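Engineer: Taken in sequence, the protein lines are chains Y and G. Residue 166 in the numbering used here sits at position 166 of the first sequence; the count goes up by one each step and never skips. Residue 191 in the numbering used here sits at position 191 of the second sequence; the count goes up by one each step and never skips.
Protein chains: 2
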Amino acid sequence: MFMARTCGSHSQTTGPRLRDVAQRLFARHGYAAVSMRQIAAEVGVQAGALYNYIPDKQGLLFDLMRTHLEDLLAAWQAEPHGAGPLEALEAFTRFHIRFHLERPDAVFIAYMELRNLEPENFAVIEGLRKRYETVLEDILSAGKQAGVFTLPDTKLAALAVIAMLTGVTTWYRDDGRLSRDRVARIYWNMVRKAVGA
Amino acid sequence: MFMARTCGSHSQTTGPRLRDVAQRLFARHGYAAVSMRQIAAEVGVQAGALYNYIPDKQGLLFDLMRTHLEDLLAAWQAEPHGAGPLEALEAFTRFHIRFHLERPDAVFIAYMELRNLEPENFAVIEGLRKRYETVLEDILSAGKQAGVFTLPDTKLAALAVIAMLTGVTTWYRDDGRLSRDRVARIYWNMVRKAVGA
DNA sequence: AGGTTATCTGAACGCGCGTTCATTTCAATC
DNA sequence: GATTGAAATGAACGCGCGTTCAGATAACCT
Numbered sequence: 001m002f003m004a005r006t007c008g009s010h011s012q013t014t015g016p017r018l019r020d021v022a023q024r025l026f027a028r029h030g031y032a033a034v035s036m037r038q039i040a041a042e043v044g045v046q047a048g049a050l051y052n053y054i055p056d057k058q059g060l061l062f063d064l065m066r067t068h069l070e071d072l073l074a075a076w077q078a079e080p081h082g083a084g085p086l087e088a089l090e091a092f093t094r095f096h097i098r099f100h101l102e103r104p105d106a107v108f109i110a111y112m113e114l115r116n117l118e119p120e121n122f123a124v125i126e127g128l129r130k131r132y133e134t135v136l137e138d139i140l141s142a143g144k145q146a147g148v149f150t151l152p153d154t155k156l157a158a159l160a161v162i163a164m165l166t167g168v169t170t171w172y173r174d175d176g177r178l179s180r181d182r183v184a185r186i187y188w189n190m191v192r193k194a195v196g197a
Numbered sequence: 001m002f003m004a005r006t007c008g009s010h011s012q013t014t015g016p017r018l019r020d021v022a023q024r025l026f027a028r029h030g031y032a033a034v035s036m037r038q039i040a041a042e043v044g045v046q047a048g049a050l051y052n053y054i055p056d057k058q059g060l061l062f063d064l065m066r067t068h069l070e071d072l073l074a075a076w077q078a079e080p081h082g083a084g085p086l087e088a089l090e091a092f093t094r095f096h097i098r099f100h101l102e103r104p105d106a107v108f109i110a111y112m113e114l115r116n117l118e119p120e121n122f123a124v125i126e127g128l129r130k131r132y133e134t135v136l137e138d139i140l141s142a143g144k145q146a147g148v149f150t151l152p153d154t155k156l157a158a159l160a161v162i163a164m165l166t167g168v169t170t171w172y173r174d175d176g177r178l179s180r181d182r183v184a185r186i187y188w189n190m191v192r193k194a195v196g197a
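(1) Lys144 of chain G touches chain Y at which residues, Cβ-Cβ below 7 Å?
(2) Within the continuous alpha helix (DSSP H) that includes His100 of chain G, where are the two ends?
(3) Establish whether the CB of Leu140 of chain Y and some CB of chain G are separated by less than 8 Å.
(4) Give a yes or no on whether the minimum CB-CB distance between Pro85 of chain Y and chain G is below 8 Å.
(5) Within 8 Å of any Cβ in chain Y, is that where the Cβ of Tyr187 of chain G sits?
(6) Any beta-carbon of chain G closer than 8 Å to the one on Asp153 of chain Y?
(7) Hey, Arg115 of chain G and Arg173 of chain Y: beta-carbon distance below 8 Å or not?
(8) Show which residues of chain Y have a CB atom less than 7 Å away from the CB atom of Leu164 of chain G.
(9) Check Ile39 of chain Y in the structure and name its three-state DSSP category.
(10) So that I know if they touch, is there some Cβ in chain Y lying closer than 8 Å to that of Lys130 of chain G?
(11) Under 7 Å between beta-carbons, which chain G residues line up against Ala32 of chain Y? List them in chain order, please.
(12) When the Cα atoms are used, what is the spatial distance from Leu61 of chain Y to Arg177 of chain G?
(13) Residues of chain Y with CB under 7 Å from Met36 of chain G, in chain order?
(14) So which residues of chain G does Ala157 of chain Y contact, with C-beta pairs closer than 9 Å?
(15) Assign Arg182 of chain G to one of two classes, buried (16 or more other C-beta atoms within 10 Å of its C-beta) or exposed (fewer than that).
(16) Cβ atoms of Ala110 of chain G and His81 of chain G: under 8 Å apart, would you say?
(17) Contact defined as beta carbons within less than 8 Å: I believe Tyr53 of chain Y pairs with Leu25 of chain Y. What is the distance between those atoms, to the nearest angstrom?
(18) Does Ser9 of chain G pass the burial test, meaning 16 or more other C-beta atoms within 10 Å, or should it be called exposed?
(19) Run the CB neighbour count on Glu113 of chain Y, radius 10 Å, all protein chains shown included, and call it buried at 16 or more, exposed below.
(20) Against chain G, which members of the stretch 56 to 76 of chain Y pass a CB distance test of less than 7 Å?
(21) Mind checking whether Leu156 of chain Y and Val195 of chain Y have CB atoms under 8 Å apart?
(22) Using a cut-off of 8 Å between C-beta atoms, extract the partners of Gly127 of chain G located in chain Y.
(23) Are there 16 or more other CB atoms within 10 angstroms of the CB of Thr134 of chain G, so buried, or fewer, so exposed?
(24) Is Gly176 of chain G close to chain Y? Criterion is C-beta to C-beta, closer than 8 Å.
(25) Quick one: using the 10 Å Cβ neighbour count with 16 as the cut-off for buried, is Pro55 of chain G buried or exposed?
(26) So, Ile39 of chain Y versus Pro152 of chain G, is the Cβ gap smaller than 8 Å?
(27) Please confirm whether Ala194 of chain G has its beta-carbon closer than 8 Å to some beta-carbon of chain Y.
(28) Please confirm if Arg115 of chain G has its CB atom under 8 Å from at least one CB of chain Y.
(29) Under 7 Å from any heavy atom of the ligand PLP, does the C-beta of Ala78 of chain Y make it?
(30) Let me make sure I understand the geometry here. Which of Y:Ala22, Y:Lys193, Y:Met65 and Y:Ala197 has the alpha-carbon closest to that of Leu128 of chain Y?
(31) Helix, strand or coil for Phe62 of chain Y, going by three-state DSSP, please let me know.
(32) On a Cα-Cα basis, can you pick out the residue from G:Gly143, G:Lys130 and G:Gln145 that is closest to Glu70 of chain G?
(33) Under 8 Å, Cβ to Cβ, is there at least one residue of chain G near Gly167 of chain Y?
(34) Check Arg173 of chain Y in the structure and name its three-state DSSP category.
(35) Can you give me the start and stop residues for the alpha helix (DSSP H) that His29 of chain Y sits inside?
(36) Could you spell out the range, first to last residue, of the alpha helix (DSSP H) harbouring Val191 of chain Y?
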């Protein structure tokens, strides 16, 4: 009675759409609170069809989180790092804010759904997160050694700065008082002072 | 066949136990992922008995969050604020870290389960959260006016500082490298520099 | 034009969910 | 020792869950 394929468009699109929809719904309502049938409805398909693209619900969550963190690390690699530690820290600050504000849903999921990962999946995600923390820690460490930064504890400073920067995603609105650039400038100002440079 | 009450102890304890257990499980696995039957099992009771103490699951979540935020605001009122803005900011920093590290589960829930609140409950919780943010904002504002702090944007600074301080709860471990006092001291150092004092 | 294959449907599976309630149990009171 | 009433049981309610799969469908290939 109904069409097995959407008229005029290849089902090449169902895979990406599934991930888009899942990302939005997981971010909005939480992984545990969203059903496969809700996702399927928004994709425009029956629930069973989703399993042509994912092994199961857990695999879908894991894939979203892993992709996000791999994108994050790859994007930083592709970013101009600047000459010295001070320039690197500014680059990191601006990069982090820009990257995170561009994908609020993925960020939300990566920070909030860790506890819904099965142990082995959790280990992978946690490893990627650690790698990103190390990026900042290395910058701070180099700057401290070069006498550019004043830090009582490099590791804590890295965690503090990342928490501060990531916090932007919880309140920033595109139609708000400040532009992204303005926010990045203000935060860079605070970060610079916090590390004693 | 089974006892309706636990031998020797009044059921006076079931209410508090219910909240304790729910808080721990919600923090660990998330509100949507925890069932009333799981909570009941840990309390040592059948699921139906829980409804002698709560209206429904949503009411339980709301009660946990409201109580936590009211405790937070009341505890700050009872705290010695110090003489000037600089002293007040130091008091706030140390208070925030101490209070949050003492109740990691409640903190987790208050930050992660906002999206599982029904709209009217959300409004109440959001109002309490705003009131707490205003506490810090007022301190920063006074310090700026007094020329003690250098801040390009008071509101952003307040959000940044709170995000930074609350971040402690995501990594701090009692058996870790640093004591709570040491962590508080290091963070106060960074906060002080970040606000230009 | 006809066959192949990727894709989707629709029904089914067992299960656990939040919540209600008549009944039972037992500490406290008289 | 009988009465009372708060507290807990255990069964039941309808429902939606994640997942599977045989069968239907339509785009693609020759």
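In this text, a Cβ means the ideal position worked out from N, Cα and C, and glycines have one as well. None of the values given here were measured: they were computed from a predicted structure.
Structural biologist: Let me spell this out:
(1) Neighbours of Lys144 of chain G on chain Y: none; closest Cβ ~14 Å, over 7 Å.
(2) For His100 of chain G, the enclosing alpha helix (DSSP H) covers residues Pro85 to Glu102.
(3) It does not: the Cβ of Leu140 of chain Y has no partner Cβ on chain G nearer than 8 Å.
(4) So no, Pro85 of chain Y is outside the interface.
(5) Residue-level contact check: Tyr187 of chain G touches chain Y, since one or more beta carbons of chain Y fall below 8 Å from its beta carbon.
(6) By the rule that beta-carbons nearer than 8 Å mark a contact, Asp153 of chain Y touches chain G.
(7) In this structure, the beta-carbon distance from Arg115 of chain G to Arg173 of chain Y does not fall below 8 Å.
(8) The sequence given here places Met at residue 164 of chain G; Leu does not occur at that position. In chain order, Ala160, Ala163 and Met164 make up the part of chain Y whose C-beta sits under 7 Å from the C-beta of Met164 of chain G.
(9) Reduced to three states, the DSSP call for Ile39 of chain Y is helix.
(10) Taking a beta-carbon distance threshold of 8 Å, Lys130 of chain G does not count as an interface residue toward chain Y.
(11) Going along chain G in sequence order, the residues near Ala32 of chain Y (Cβ under 7 Å) are Gly30, Ala32 and Ala33.
(12) Each residue's Cα considered, the two are about 33 Å apart.
(13) Contact of Met36 of chain G with chain Y by beta-carbon distance below 7 Å is absent, the smallest such distance being about 14 Å.
(14) The contacting residues are Ile186 and Met190.
(15) Exposed is the call here.
(16) The Cβ atoms of His81 of chain G and Ala110 of chain G lie no closer than 8 Å to each other.
(17) Actually they are not in contact, since the Cβ atoms of Tyr53 of chain Y and Leu25 of chain Y sit about 16 Å apart, beyond 8 Å.
(18) Because the pLDDT of Ser9 of chain G is 44, which lies under 50, any placement of that residue in the model is unreliable, and the number read from its coordinates should be weighed accordingly. Looking at its Cβ environment, which holds fewer than 16 other Cβ atoms inside 10 Å, Ser9 of chain G is exposed.
(19) Buried, since its Cβ has 16 or more Cβ neighbours within 10 Å.
(20) From the stretch 56 to 76 of chain Y, no residue has a Cβ closer than 7 Å to chain G.
(21) No, Cβ-Cβ distance for Leu156 of chain Y and Val195 of chain Y is not below 8 Å.
(22) Correct list: empty, because the minimum Cβ distance to chain Y is about 15 Å.
(23) A residue is called buried once 16 or more other Cβ atoms fall within 10 Å of its Cβ, and Thr134 of chain G, having fewer, is exposed.
(24) No, because no Cβ of chain Y sits closer than 8 Å to the Cβ of Gly176 of chain G.
(25) Classification for Pro55 of chain G: exposed.
(26) Their beta carbons are not under 8 Å apart, which means Ile39 of chain Y does not touch Pro152 of chain G by this criterion.
(27) Judged by the 8 Å Cβ criterion, Ala194 of chain G is in contact with chain Y.
(28) Taking 8 Å as the CB threshold, Arg115 of chain G lines the interface with chain Y.
(29) The ligand PLP is not among the ligands present in this structure, which contains no ligands whatsoever.
(30) That would be Y:Met65, whose Cα lies nearest to the Cα of Leu128 of chain Y.
(31) Here Phe62 of chain Y sits in helix by DSSP.
(32) Selected option, being the one with the closest Cα: G:Lys130.
(33) Chain G contact via Cβ: present.
(34) Under the three-state reduction of DSSP output, Arg173 of chain Y falls in the coil class, being neither helix nor strand.
(35) Counting along the chain, the alpha helix (DSSP H) containing His29 of chain Y begins and ends at Thr14 to His29.
(36) Counting along the chain, the alpha helix (DSSP H) containing Val191 of chain Y begins and ends at Arg180 to Ala194.
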